[in-house]
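Here the structure is laid out as structure tokens; the discussion comes afterwards.
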Amino acid sequence: MSSEELADLRQRVANMVRRGVISEVIPGNPVKVRVRLGPIITPPIAWCNLMSSGNFQVRSLPKPGDAVTVFSEAGDLRNGRVYPGANIDAVSVPDGEDSELALVFANGTEIRYSQDNNTLNIILAEGGKYTIKGDGTLDGNVKITKELTVMQNIYGMQQISDAAGTMSAIRMTYNGHNHRGDSGGQTAQPNQQMPVSN
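Each residue of the sequence shown is one higher than the one before, counting from 902 in our numbering.
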């Protein structure tokens, strides 16, 4: 083996696994990136998302400066695949309890699940909105701390109450009420009775 061949082999072995930082993100399908590896910058190579299969896909583009690891087939950087790397000072591990799983976005939105407390918290950044599309069921008590706006009908299978009483009590009061008649007696109860649930 010549010295040139040996040098090339050594370089290929060294390039099989390299650590660097994102230099440029090139959106597309697939997403490609350039990675700074010491004094060199790679050509555009494929970015590997956290999950990509026929059953489940994740879209998560990196940002310039993110730490990454490059795996290259046969040590050729042109065949490289870029995987998310470890946390660094610029992108530290999110704060939280040891038993907590946290997804923290750059704008401040957070999704946190505590295994110890069995609680799920979703916190949108200031001005954020969410939409859930599709039929569904909430199987549990729900507390709403601010206003509720409903664009269509409301159906209740049980009692509907406010601070003063229930709607059933309002119906019973209406059905049984009377007035002082013109001659001093009492009027009859209303002819049109409101239905009262049993």
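Ideal Cβ placement from N, Cα and C applies to all residues, glycine included.
Note that the structure is a prediction, hence the values are computed from the model and not measured.
With fewer than three CB-CB distances shorter than 8 Å, the region 1031 to 1041 does not count as touching the region 1049 to 1058.
In this structure, Pro-995 lies away from Leu-962, with their beta-carbon atoms at least 8 Å apart. For Glu-906, the enclosing alpha helix (DSSP H) stretches over residues 904 to 916. Asp-999 counts as exposed, since fewer than 16 other C-beta atoms from the protein chains shown sit within 10 angstroms of its C-beta.
With fewer than 16 neighbouring CB atoms inside 10 Å of its own CB, Arg-920 falls in the exposed class. The alpha-carbon separation between Gly-966 and Ser-1062 amounts to approximately 55 Å. Contact annotation, Val-959 with Trp-948: C-beta distance approximately 12 Å; criterion of less than 8 Å not satisfied. Nearest to Arg-937 by C-alpha distance, out of Asn-930, Lys-964, Asn-950 and Asn-956, is Lys-964. The alpha-carbon of Thr-1032 is positioned some 21 Å away from that of Ala-1003. It is roughly 17 Å from the alpha-carbon of Asp-1017 to the alpha-carbon of Ile-1023. Contact between the region 983 to 993 and the region 1005 to 1020 is not established, with fewer than three Cβ pairs separated by less than 8 Å. Val-971 sits buried, since 16 or more C-beta atoms from the chains shown fall within 10 Å of its C-beta.
Nearest in C-alpha terms to Ser-973, of all of Val-922, Met-917, Asn-950 and Lys-1047, is Met-917. Shortest Cα-Cα distance from Ile-923 to any of Asp-909, Ala-991, Asn-930 and Arg-913 involves Ala-991. Burial state of Ile-989 is exposed, judged by a 10 Å Cβ sphere holding fewer than 16 other Cβ atoms.
Residue environment for Thr-943: buried (at least 16 other C-beta atoms within 10 angstroms of its C-beta). Cα atoms of Thr-1020 and Ser-953: separation of roughly 28 Å, rounded to the nearest angstrom.
Inclusion of Gly-1029 and Arg-1013 in the CB contact set at 8 Å is not warranted, their separation being larger than that value.
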